[in-house]
Each structure stands twice: as structure tokens, then as C-alpha cells.
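Quick mapping for you: the protein sequence lines, in order, are chains A and B.
Be aware that the first sequence starts at 14, since it is given in this note's numbering, and climbs by one per residue.
Be aware that the second sequence starts at 33, since it is given in this note's numbering, and climbs by one per residue.
Where a beta carbon is used, it is the ideal one built from N, C-alpha and C, also for glycine.
From a predicted model like this one, the values you see are computed outputs, not experimental measurements.
Just below is one structure, and these are the notes that go with it.
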Amino acid sequence: MAKPKLALYWAAACGGCDVAVLDTNEKILDIASLVDIVFWPIAVDFKYHHVKAMADKSIDLCLFNGAIRSTEQEEIATLLRAKSKVLVAFGACACHGGIPALANFTSRAEILQRVYIEAPSNSNEQKTLPQLQTKVAEGELELPELFDDVKTLAQVVPVEYYVPGCPPPVDLILKLVDLYATGKLPPAGATVASDKSLCDECDRIKEEKKVTKFYRPHEIIPDPKKCLLEQGIICCGPATRGGCGMRCIKANMPCRGCFGPPPGVVDQGAKMLSAIASIYQGNDTAGINRMLEEVVDPAGTFYRFGMADSMLKRKRLQKS
Amino acid sequence: MSFEPKIVGILCNWCSYAGADLAGTSRKKYAPNMRVVRVMCSGRVDPTFVLKAFQKGADGVLVCG
Chain A
14 MAKPKLALYW
24 AAACGGCDVA
34 VLDTNEKILD
44 IASLVDIVFW
54 PIAVDFKYHH
64 VKAMADKSID
74 LCLFNGAIRS
84 TEQEEIATLL
94 RAKSKVLVAF
104 GACACHGGIP
114 ALANFTSRAE
124 ILQRVYIEAP
134 SNSNEQKTLP
144 QLQTKVAEGE
154 LELPELFDDV
164 KTLAQVVPVE
174 YYVPGCPPPV
184 DLILKLVDLY
194 ATGKLPPAGA
204 TVASDKSLCD
214 ECDRIKEEKK
224 VTKFYRPHEI
234 IPDPKKCLLE
244 QGIICCGPAT
254 RGGCGMRCIK
264 ANMPCRGCFG
274 PPPGVVDQGA
284 KMLSAIASIY
294 QGNDTAGINR
304 MLEEVVDPAG
314 TFYRFGMADS
324 MLKRKRLQKS
Chain B
33 MSFEPKIVGI
43 LCNWCSYAGA
53 DLAGTSRKKY
63 APNMRVVRVM
73 CSGRVDPTFV
83 LKAFQKGADG
93 VLVCG
């Protein structure tokens, strides 16, 4: 019997998801012996035209990491959707937008202005911006177009499964491979992680949640046994799906929310805001104002990984 | 044409909704800009409700309770 065909792709993401696949260490050899890798730009030398030449639905499993924010990424997402039987949104960016989706707080014009004109390390006296088409002696060169919006994979093409995490932990990757290999994949639409919140599986001592002052992680050394939220550190555990193995919590760092919202929660940031508001002990306006100042960058804190998938979606664009 | 805001009022059954009801039975008039949603307690209000109201085109949200 022919081995199942596996494809991996890297869209708007940092590359950590591809490294996470390699983090399976010696298990990667098992994976490699179980499947044929037919497309994996970071590791093997197949080109887009090789994928285009494949028959529809000829890839058995495709792990797609990264959000969608350019015409190239959209094109490859559509292509891999057509060629794959099972498409998996792999990692926080593909699932919920991830860190790149924080760009939804700005616009394409502002990003280009900042990156190519204003950034202090630039030397761009002609104020050159990336062009979609450029004529050179050899002919015309073309670049993919950047979108105003960063989108999740599922906002562009239908997706079968979600493996969240920044990056997905090794045990969940192996669980997915195992579910696939044994033919025990859950119904389409499932997330391969816990169905409960991170707080539910956190083993720290939880007493009464009454916070009078919020700290940023570098401002105090937290007690490694007590709930971080009770110590005034914003930990996104209450509004985040569990199953990550508490990697951050074990390192005495708060949850940043990379697993996205638990089942049934539409907007992770709003839910986290709700949790924070309900534990803060302060009734006077001055205290509330002080607390608002203590939460530095609330939008980036509560929507750090979930902006594209949230109800807010993005900052309103100025109509030109 | 003057601006007529659409305001979603999320009102507690036991105080503010009762007040709005009393205003009605006492035949007092108030501007029709507010559309009332009754909740059994303002503690029931989730920030998602507020976001949803704005998403659906509300100009303002009033939470009373």
C-alpha cells in the first residue's frame, strides 16, 4: 500500500511551527517512515508547480501553519485546500490569527510607512515602497500583495482540524499523527487539545481571587505554587483553552492565550477582560483609573493571539 | 436631518427595567432611541454583548443595574 502523502506549509508565521514538527526528535523518523512528504518548503525541495500538477485530493494530510495576509498565502491556501483530503490549521496563527494578527490594529498603509519610511534603522531617501510590478532589464518582476487584514486559515478556506499553540506542543502533534494513523480522527471541525480552560488543568493553589494591583511579569518574582492571577499577574488561563501542558505556567510565567478561547467562547479578549474586571478590588474612580494604567496595552494583552478570530476583527479603516 | 442614535439598553429586571416599565405605566414619555434588552441581573452582562451590539450597528450601549 502506498504511504499517505503529507504536506506542510508556512504562511504568515514566525517559522516556529515548522521547528515544532522537528521538535518531535526521533519520532520525526517514525513520521517520515509512515508518510511521504510531498511538499514542505522549509525542508524539502518541491515547488508550487509540483503541487499544482497533483490531482485534487491527492494529499492525505496537510499541516498549514501561519495566518493569511497576502495574495500568495491566499493562493497557496486555496491550492492546498483543493489538493488535500484533510487540511489542518496548525498553530496559533492559522487557528486564530496569532501574533501577526496584531497588525489588524493598524493598516497596510501604516505598516508600509513605518517599516520602509519611518523606522530609525532605514536608509531610504527615495522613499521606495514595495511595488506589485517592477520592470527590470530581464522583464517584469511581481510581488504578492499585502492585505489590510490578517485572516485565519478558516476565514479563507474550509478547515478540518485545529491544532492550536504557539507553537503546538509535541504531544499534540504526535496525538494528531496517531489519530490519523489509527483512523480515529474526530469529526471535522474539532480542535486537537483539551475541551476545558487552562485554569481547569492548572495545579497551582487557587484561593480567593481579589486583586488590588496588577504587575507586569518583570516587576515581581511570583510564588511558583500560587495562582498567578491572584498574585496580580495577568494570566490568560481563565479565557484560554487547555491542553498545552502548562509550558508557561511551569516556567513561572503567565499564560498568554496562545491556545485560543475554550469551546463556546466567541471572543477570547472580551472574556479575559470580563475575568479581570470581576477580580479587581476597587470601587473608587481613582483606583479603577490606576488599574487601567496598570494593564499596559490591553488590546495586545487580551487579543495577543486571537485578534483575527475575534468579534473586533480589526481597527476600523479610515475610508479614503 | 438630525442624528438619531440607536442605543441598546441592557437593563436589570429588578431595578432599571422595573423603572423603565414604571415610566411606561405612568405614561411618561422618553426618546425612542433606546432599544431595551432585559436581563435578570446586570451581572449577567458579558462584554461580548456590548461588542455584539456595536457590531450590529448600535451607536451606544447603556448597561443599567
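Query	Result
Comparing alpha-carbon positions, which option in A/A252, A/K219, A/G255 lies nearest A/L241?	A/K219
Sorted by chain position, which residues of the same chain lie with C-beta nearer than 8 Å to B/N65's C-beta, five sequence neighbours on each side aside?	E36, P37, K38, I39
To which residues does DSSP link A/E155 through a beta bridge?	A/Q146
I'd like to know whether the C-beta atoms of A/S291 and A/R254 end up nearer to each other than 8 Å.	no
Under DSSP, the beta strand (DSSP E) around A/N78 begins and ends at which residues?	72 to 78
Alpha carbon to alpha carbon, how far is B/M34 from A/K332?	According to the sequence shown, residue 34 of chain B is Ser rather than Met. One C-alpha to the other measures close to 22 Å.
Helix or strand or just coil, what does DSSP make of B/C44?	strand
Could you tell me which residues DSSP puts in a beta bridge with A/I218?	A/K239
What does the alpha-carbon distance come out to for the pair B/A50 and B/A63?	17 Å
So, does the CB of A/M320 fall closer than 8 Å to a CB anywhere in chain B?	no
Measuring only between beta-carbons, confirm whether A/S97 sits less than 8 Å from chain B.	no
Given that A/M324 touches chain B, what residues does it touch there, using C-beta distances under 8 Å?	T80, L83, K84, Q87
On the three-state DSSP scale, how would you describe A/C1?	Past the edges of chain A, shown from 14 to 333, lies residue 1 of chain A, and the structure says nothing about it.
Would you verify that the beta carbon of A/L76 is, or is not, closer than 8 Å to some beta carbon of chain E?	Judged by its chain identifiers, the structure shown contains no chain E, and its protein chains are A and B.
By the criterion of Cβ-Cβ separation under 9 Å, what are the contact partners of A/L286 in chain B?	P79
Let me check one thing: in DSSP terms, what residues is A/I81 bridge-paired to?	A/K164
Excluding the five sequence neighbours on either side, which residues of its own chain have a C-beta within less than 7 Å of the C-beta of A/A167, listed in chain order?	A102
Please list, in chain order, the residues of the region 267 to 281 of chain A that have any C-beta partner in chain B closer than 9 Å.	V278, V279, D280
Does any C-beta atom of chain B lie closer than 8 Å to the C-beta of A/A252?	no
At 7 Å on the CB atoms, spell out the chain B contacts of A/A114, in chain order.	What A/A114 touches in chain B: nothing, since even the nearest Cβ is about 17 Å away.
Once DSSP output is grouped into helix, strand and coil, what is the label at B/M66?	strand
Could you tell me whether any Cβ in chain B is nearer than 8 Å to the Cβ of A/A24?	no
Name the one or two DSSP bridge partners that B/F35 has.	Answer by DSSP bridge pairing: none, since B/F35 is not bridged.
Between A/F318 and A/M285, which are expected to be in contact by the criterion C-beta below 8 Å, what is the C-beta distance as a whole number of angstroms?	Wrong, their Cβ atoms sit about 11 Å apart, outside the cutoff.
If we call anything under 8 Å between Cβ atoms a contact, is A/R121 one with A/D161?	yes
Of all the CB atoms in chain B, is at least one closer than 8 Å to the CB of A/A283?	yes
Please report the residue range of the alpha helix (DSSP H) in which A/C61 lies.	Note that residue 61 of chain A is Tyr in the sequence shown, not Cys. A/Y61 -> alpha helix (DSSP H) spans 61 to 65.
Quick check on A/K164: buried or exposed, where buried means 16 or more other Cβ atoms within 10 Å of its Cβ?	buried
Leaving out the 5 sequence neighbours to the left and right, which residues in its chain are closer than 8 Å to A/G313 when beta-carbon positions are compared?	L115, F118
Go through its chain and collect everything with a Cβ distance to B/A52's Cβ below 7 Å, but skip five positions before and after it.	L43, V68
Using three-state DSSP, classify A/R269 as helix, strand or coil.	coil
Once the 5 residues before and after A/L145 are set aside, which same chain residues still bring their CB inside 7 Å of it?	E155, L156, E158
Looking only at its chain, what residues have a beta carbon closer than 6 Å to the beta carbon of A/P275, apart from the 5 residues adjacent to it on each side?	S210, R254
For A/K18 and A/V64, which I take to be in contact (beta-carbon distance under 8 Å), what is that distance rounded to the nearest angstrom?	About 11 Å separates the two Cβ atoms, so there is no contact after all.
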